[in-house]
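Residue numbers (the numbering used here), protein chains in the order written: chain A, 2 to 194; chain B, 2 to 194. Quick notes on the structure that follows.
There are 2 protein chains.
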Amino acid sequence: MARPREFDEVRAVDAAMRAFWTAGYEGTSTQDLCEVTGLGRSSIYNTFKSKRDLFGRALARYMEVKNAGLSELMESGLPVRQKIRTQFQRVIDEEFERGPEGGGCLVVHTAVEVAARDREVAGDLARDYQVRLAVIRTAIEAGQRDGDIARDKDSAALAHFVIATIAGLRISARVTPQRSVLESVADAAVSAL
Amino acid sequence: MARPREFDEVRAVDAAMRAFWTAGYEGTSTQDLCEVTGLGRSSIYNTFKSKRDLFGRALARYMEVKNAGLSELMESGLPVRQKIRTQFQRVIDEEFERGPEGGGCLVVHTAVEVAARDREVAGDLARDYQVRLAVIRTAIEAGQRDGDIARDKDSAALAHFVIATIAGLRISARVTPQRSVLESVADAAVSAL
DNA sequence: CGAATTTTGAACCACACAGTCCAAAATGAA
DNA sequence: TTCATTTTGGACTGTGTGGTTCAAAATTCG
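Right under this line is the structure:
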């Protein structure tokens, strides 16, 4: 055998994820990646093929973590409307966690910055969208069976609407940093279910 | 006097606007700007202080044009719900005009790419948001007087909701390029008014 | 220990970037 | 025609980028 790694690959991806999260793909230099991971360039390029490759791993991890949280909520015992309102609230809280520099969503950032020029990333985003759609749609259909949501409504359309609202909240938060405004938007959206 | 300009400053800003529109601030190089405007570097740096300055001009022009269209629609004689549904439709159509590479919105792109690091731009976006808010809110209040929208609803909250929905449509369009999906989202949103 | 193997850090590379400079061309006024 | 003034194109600069190379250090196994 030979010399073992001095670092944990998962932790490195995690650190890279946070960097891309706050600065986007282009906004994060390889130097930045070295600093946040604490690794040297060689270690990074030995472990990951390229910046692009590391970004892919970081994006996948981001989606994994976020969707785990979403699924956990959507499969909870709460009434549907409350599930969805809670998800909206999580988004709002996350956007305001740190200052206007902080928040943001890697998926949204990637959708506007990278997706148009990179088919593979676009495919990843599309697949991730479908995952979120299915999870939310299932919860909505359960709600329809419970009588919380009208049965004649199209569950898929409502799920798309919920996803679009989340994105809308995130963009609005970048421009209008007032919690109360976003909460009123969330309330209005829930009333459309 | 001396040699006159060979180009029209407004046309140059317009060309720059289109470039930033499709590629964003960082994604548009000064070389790109030379090509789309047809000007040399000297002419650009003589007329505008910097890339950043030209971007500011381009962004302002974008807002001006877009808000003119919005105002015209909101001040038309249509019923409110139809005004808003039409605006949603315009956004959807615009996003699908060219391929997934094409569409996009300079304001959204700017909000996620540069607003977090540039206070002045963030201020411009915030001001623009207020303009759109006022225009939409006024239309909603007119609708309330006409009895098209319940009078006990908060017109400002609904206007914020409309703006967030537009942003949500735009982000969704980047990821899920199916017109029918976005149109169902638009319908769902209108039903919340 | 010593050989095989891997990681690591630092120097290095070519390139693209935003921005500057300057001489030549173009123009209008005198 | 000449002079003052401005525009224009192209060469240039310094910096930061993503990525490569390579020798030295570190480790495990025989």
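Even glycine gets a Cβ: it sits at the ideal position worked out from N, Cα and C. None of the values given here were measured: they were computed from a predicted structure.
Under a criterion of Cβ atoms nearer than 9 Å, no residue of chain A is adjacent to B:Ser-156; the nearest Cβ is some 11 Å distant. Under the DSSP assignment, B:Val-115 falls outside any alpha helix (DSSP H); it carries neither an H nor an E label. Exclusion of the five residues before and after B:Gly-25 leaves His-110, Glu-114 as the residues of its chain whose Cβ lies within less than 7 Å of its Cβ.
Within chain B, the residues Ala-165, Thr-166, Ala-168, Gly-169 have their CB atoms less than 7 Å from the CB of A:Gly-169, given in chain order. Residue-level contact check: A:Ile-85 does not touch chain B, since none of the beta carbons of chain B fall below 8 Å from its beta carbon. Linking B:Asp-119 to B:Gly-57 through their CA atoms gives a straight-line distance of about 11 Å. Inside the region 134 to 177 of chain B, DSSP marks whole alpha helix (DSSP H) runs of 4 or more residues at positions 156 to 176, from first to last along the chain. By the C-beta criterion, the region 134 to 144 of chain B is judged not to be in contact with the region 47 to 54 of chain B, since fewer than 3 inter-stretch pairs fall below 8 Å. For B:Asp-94 and B:Ser-185, the gap between their C-alpha atoms comes out near 14 Å. Proximity of A:Thr-177 to chain B, defined by a Cβ-Cβ separation below 8 Å, is satisfied. The Cβ atoms of B:Ala-190 and B:Phe-97 do not sit closer than 8 Å to each other. Separation of A:Val-132 and A:Asn-68 (C-alpha to C-alpha, rounded to the nearest whole angstrom) is 8 Å.
When DSSP assignments are scanned along the region 77 to 104 of chain B, no uninterrupted stretch of beta strand (DSSP E) that is 3 or more residues long falls wholly within it. Here the alpha carbons of B:Tyr-46 and B:Ala-151 stand approximately 54 Å from one another. Rounded to the nearest whole angstrom, the CA to CA distance from B:Ser-72 to A:Ala-165 is 24 Å. Annotation: Cβ neighbours of B:Glu-27 in chain A (cutoff 9 Å, chain order): Gly-25, Glu-27, Gly-28, Glu-114. For A:Phe-162, at least one C-beta of chain B is nearer than 8 Å to its own C-beta. Here the alpha carbon of A:Val-92 sits roughly 10 Å from the alpha carbon of A:Arg-86. Contact of B:Tyr-130 with chain A by beta-carbon distance below 9 Å involves Ser-173, Val-176, Thr-177. As the crow flies, the alpha-carbon of A:Gly-103 is around 29 Å from that of B:Leu-183. Of A:Glu-27, A:Met-64, A:Gly-28, A:Asp-15, the smallest CA-CA separation from A:Leu-40 is found for A:Asp-15. B:Glu-65 has its alpha-carbon roughly 14 Å from the corresponding atom of B:Leu-134. For the set B:Pro-80, B:Asp-125, B:Ala-160, the Cα lying nearest the Cα of B:Gly-148 is the one of B:Pro-80. By the neighbour-count criterion, in which 16 or more other beta carbons inside 10 Å mark a residue as buried, B:Thr-31 falls on the exposed side. Against chain A, a Cβ distance below 7 Å from B:Leu-159 picks out Ala-189. Looking only at A:Gly-169, A:Asp-9, A:Leu-126, the smallest Cα-Cα distance to A:Gly-105 is reached by A:Gly-169.
Residue-level contact by beta carbon holds for A:Leu-126 and chain B, with a gap shorter than 8 Å.
Residue range 52 to 75 is occupied by the alpha helix (DSSP H) that includes A:Asp-54.
Of the residues B:Asp-155, B:Val-11, B:Gln-145, B:Val-176, the one whose Cα lies closest to the Cα of B:Ala-59 is B:Val-11.
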